[in-house]
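The structure appears below as C-alpha cells.
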C-alpha cells in the first residue's frame with residue numbers, strides 16, 4: 029500500500045481550476061519531490077492533500093484512507109505540513125512550549141512534558157529554547173521549531189512546502205541534514221515541494237515535474253545526475269538550474 | 011580613479027549590552043565593475059550597502075571614509091545626498107512586494123523616480139517610462155504602466171523596481187538580494203537583465219547575496235564577509251581556489267546538482 033496516492037485530481041480555487049488531472053503515488057518511507065515554477069500548482073497539490081484546498085475532485089488516498097476536503101483530526105494524526113516561511117508559520121505570541129503542546133492538548137494526549145523534551149532533542153534544539161518566543165530565535169531555529177511542531181503527533185507523512193528556501197545556504201544545509209536524519213530515524217514519508225533541484229538531488233528519490241497545473245513527467249532523482257528527462261519542459265528546467 | 015572607495019567603514023548599533031559593531035573596518039575600491047558581497051545573514055553585508063547610501067539612521071553610528079566619484083559622502087548635506095540617491099547611486103531592494111507603493115500605479119511610480127531628478131515635458135516623461143519598461147523586457151509597457159503592484163507577479167514587480175532604479179541613469183547600482191524573493195526560473199532572467207543594463211550603461215554594480223555560486227556567475231570580483239569584516243577578496247573565476255576556511259565552508263554547504271554526499275557539511279557556530 030502506498031502512503032499517498034492521487035488519481036486524476038483536479039483542484040480549483042473559487043471555481044477556477046488550477047490543477048488538472050494529477051496522478052502519482054508515493055510509497056511508504058519514500059521521499060518524493062514536486063518541482064516547477066511558481067504558479068505551476070505544486071503547492072496547491074500539497075494543500076489539497078492536507079485538506080486546505082477543499083475544492084478538489086478525483087481520488088486522493090492517504091495511508092489507505094480517502095482524502096478529506098477539510099482539515100480533521102484523523103488527517104492531522106497521520107499527516108502534517110511544514111511551511112516555507114518560519115517567520116510566518118509560528119504564532120508570534122506563543123512560546124515554543126505552547127506551540128508544541130497545543131496539538132497534544134487538542135488530541136488529548138498525555139505525558140506532554142516528556143514528549144516536548146523528546147521532540148526538541150529530535151530536532152536538535154537545546155532545552156533552553158523551550159520557553160522562548162519566535163522573535164527570540166534565528167531563522168534556522170524557527171524552522172526547527174516548525175518541524176518539531178509537525179512531528180508532535182508522530183505522523184507518518186510530512187508535507188514539506190519549500191522548507192529551506194527562506195534560509196541562508198549554511199542554515200539550509202543544517203535543516204536538510206536534519207530532515208534526512210529524521211526520515212531515517214522515524215521511517216517518515218516525505219512529499220516535498222521545491223524549485224531547487226540540487227535540494228531534490230540531496231533529499232529525494234523520485235521527482236514529479238509540474239507545469240501549468242499538470243504533471244509533465246515523473247522521473248527518478250538519478251535523472252538529475254545525467255539530465256535524462258524525456259519531456260522538453262523538464263529538460264529546460266534542468267538546464268536552467270545547472271549552475272555551471 | 012575608482013568610482014567608489016570605502017575606507018575603514020564602521021557601523022555600530024546600541025544594544026542592552028553596549029554598542030555592537032555590525033560592520034567593523036570594511037575597505038574596498040570599486041571601479042566600473044561588478045563586485046559581489048557574500049556572507050550569511052548578520053554578516054553586515056546589507057548594512058554596508060545601506061551605509062554607502064547613508065541610510066543608517068541614529069542610534070546607528072557610521073564612521074570611516076566613503077568617497078564616491080571624487081566626493082566625500084560624509085561631508086554632504088542631507089539635501090545634496092538626496093540629489094545623489096537615485097540619480098547617481100541606486101539600490102534595488104529584496105522584495106518588490108514591500109518596496110513598491112501599493113496605492114500608486116507602476117507607471118506613476120517609475121515616473122516619480124524620474125521627476126524627482128529631472129524636469130521634462132509630460133510626453134517626454136511618458137516616453138522615457140515606456141522605453142525603460144521595454145528595456146526591462148516588459149512586453150506590453152502601456153498596459154503594465156496602468157497596473158497596481160498587487161496586479162503584477164513577483165518577477166514582474168522586481169523588473170518594475172529595476173526600471174524605477176535605473177530610469178535616472180545612475181552610475182552605481184547596489185542590488186541587495188535582488189532575486190531571493192523570486193523563483194529560480196525568473197531569477198536567471200532578472201540577473202541577466204541587471205547584467206545587460208550594467209554593461210550597456212557602463213555602471214558599477216554591487217551585488218549583495220548569500221548565494222555564492224550565483225554571485226560568482228554574475229560578478230567580476232567577490233568580497234566574502236563574516237561578522238562585519240572582510241575575510242577574503244578574490245576574482246569570481248578563482249572562487250573554487252578560495253583559501254579562507256569560511257569561504258570553503260560556505261561553498262561546501264551548497265547542495266550540488268548530482269548530490270552524492272550523504273550529509274552536507276555545516277558551519278561551526280557559536281550559538
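Protein chains in written order, with the numbering used here: chain A, 29 to 272; chain B, 11 to 281. Here a beta-carbon is modelled for each residue, glycine too, at the ideal position from N, C-alpha and C.
Shortest alpha-carbon distance to residue i belongs to which of the options?
i                      : options                       : result
residue 74 of chain A  : A:219, A:67 and A:151         : A:219
residue 73 of chain B  : B:36, B:117, B:101 and B:242  : B:36
residue 216 of chain B : B:188, B:198, B:262 and B:141 : B:188
residue 100 of chain A : A:129, A:85, A:134 and A:266  : A:134
residue 352 of chain A : A:149, A:129, A:151 and A:150 : With chain A covering 29 to 272 only, the question about residue 352 of chain A has no answer from this structure.
residue 136 of chain A : A:180, A:167 and A:98         : A:180
residue 197 of chain B : B:166, B:48 and B:16          : B:166
residue 267 of chain B : A:264, A:250, A:258 and A:259 : A:250
residue 33 of chain B  : B:42, B:49 and B:222          : B:49
residue 36 of chain A  : A:223, A:51 and A:138         : A:51
residue 178 of chain A : A:155, A:166 and A:148        : A:148
residue 221 of chain B : B:18, B:235, B:210 and B:212  : B:235
residue 140 of chain B : B:256, B:128, B:116 and B:168 : B:116
residue 93 of chain B  : B:120, B:119, B:128 and B:70  : B:128
residue 69 of chain B  : B:244, B:107 and B:25         : B:25
residue 54 of chain A  : A:122, A:90 and A:108         : A:90
residue 199 of chain A : B:100, B:45, B:61 and B:274   : B:274
residue 76 of chain B  : B:119, B:104, B:16 and B:145  : B:16
residue 174 of chain A : A:240, A:118 and A:210        : A:118
Name the DSSP bridge partner or partners of residue i?
i                      : result
residue 38 of chain B  : B:16
residue 274 of chain A : An answer regarding residue 274 of chain A cannot be provided, because it is not within the stretch 29 to 272 covered by chain A.
residue 57 of chain B  : Residue 57 of chain B pairs with nothing; no bridge assigned.
residue 28 of chain B  : B:25
residue 45 of chain B  : B:216 and B:231
residue 271 of chain B : In DSSP, residue 271 of chain B forms no bridge with anything.
residue 78 of chain B  : B:14 and B:81
residue 73 of chain B  : B:20
residue 275 of chain A : Coverage of chain A is limited to positions 29 through 272, which leaves residue 275 of chain A absent and any answer about it impossible.
residue 242 of chain A : A:239
residue 248 of chain A : A:234
residue 44 of chain A  : A:41
residue 126 of chain B : For residue 126 of chain B, which the question treats as bridged, DSSP gives no partner whatsoever.
residue 33 of chain B  : B:21
residue 50 of chain A  : A:37
Using the three-state DSSP reduction, which class does residue i fall into: helix, strand or coil?
i                      : result
residue 141 of chain A : helix
residue 85 of chain B  : helix
residue 236 of chain A : strand
residue 99 of chain B  : strand
residue 117 of chain B : helix
residue 109 of chain A : strand
residue 136 of chain A : coil
residue 154 of chain B : helix
residue 34 of chain A  : strand
residue 109 of chain B : helix
residue 162 of chain B : coil
residue 62 of chain B  : helix
residue 255 of chain A : coil
residue 262 of chain A : helix
residue 139 of chain B : helix
residue 254 of chain B : coil
residue 281 of chain B : Because the pLDDT of residue 281 of chain B is 44, which lies under 50, any placement of that residue in the model is unreliable, and the question is left without a value.
residue 50 of chain B  : coil
residue 271 of chain A : Only weak support is given to the placement of residue 271 of chain A: the predicted model assigns it a pLDDT of 46, under 50, and the value that follows is read from those uncertain coordinates. DSSP places residue 271 of chain A in coil when its eight states are reduced to three.
residue 259 of chain B : helix
residue 29 of chain A  : coil
residue 67 of chain B  : coil
residue 90 of chain B  : helix
Could you run through the segment 198 to 227 of chain A and flag, in chain order, every residue whose CB is less than 8 Å away from some CB of chain B? Per Cβ criterion, the list reads 198, 199, 200, 201, 202, 204, 205, 208, 223, 224, 225, 226 and 227.
Unbroken alpha helix (DSSP H) runs of length 4 or more, entirely within the segment 166 to 250 of chain B: which are they? Runs of the alpha helix (DSSP H) inside the segment 166 to 250 of chain B: 194 to 211 and 222 to 228.
Please name the residues in the segment 225 to 254 of chain A whose beta-carbon is closer than 7 Å to at least one beta-carbon of chain B, in chain order. For the segment 225 to 254 of chain A, the beta-carbon criterion of a distance under 7 Å to any beta-carbon of chain B is satisfied by 225, 226, 227, 229, 230, 252 and 253.
Which residues, in order along the segment 265 to 276 of chain B, keep a beta-carbon less than 9 Å from a beta-carbon of chain A? Residues passing the 9 Å Cβ filter: 265, 266, 267, 268, 269, 270, 271, 272, 273, 274, 275 and 276.
Determine which residues of the segment 43 to 63 of chain B have a Cβ less than 8 Å from any Cβ of chain A, and write them out in chain order. Under the 8 Å Cβ criterion, the segment 43 to 63 of chain B contributes 50 and 51.
Pick out the complete alpha helix (DSSP H) segments inside the segment 71 to 133 of chain A, 4 residues or longer, and give them in chain order. Listed in chain order, the complete alpha helix (DSSP H) runs (minimum 4 residues) inside the segment 71 to 133 of chain A are 101 to 106.
Ranges of the beta strand (DSSP E) found wholly within the segment 147 to 228 of chain A, counting only runs of at least 3: Listed in chain order, they are 185 to 189 and 217 to 222.
Taking only beta carbons into account, state which residues of the segment 167 to 190 of chain B come closer than 8 Å to chain A, listed in chain order. Contact residues of the segment 167 to 190 of chain B toward chain A are absent (C-beta to C-beta distance below 8 Å).
Within 8 Å of chain B by C-beta, residues of the segment 175 to 200 of chain A in sequence order: Those residues of the segment 175 to 200 of chain A that come within reach of chain B (Cβ to Cβ, closer than 8 Å) are 196, 197, 198, 199 and 200.
Give, in chain order, every residue of the segment 227 to 248 of chain B whose Cβ lies closer than 9 Å to some Cβ of chain A. Residues of the segment 227 to 248 of chain B whose Cβ lies closer than 9 Å to any Cβ of chain A, in chain order: 227.
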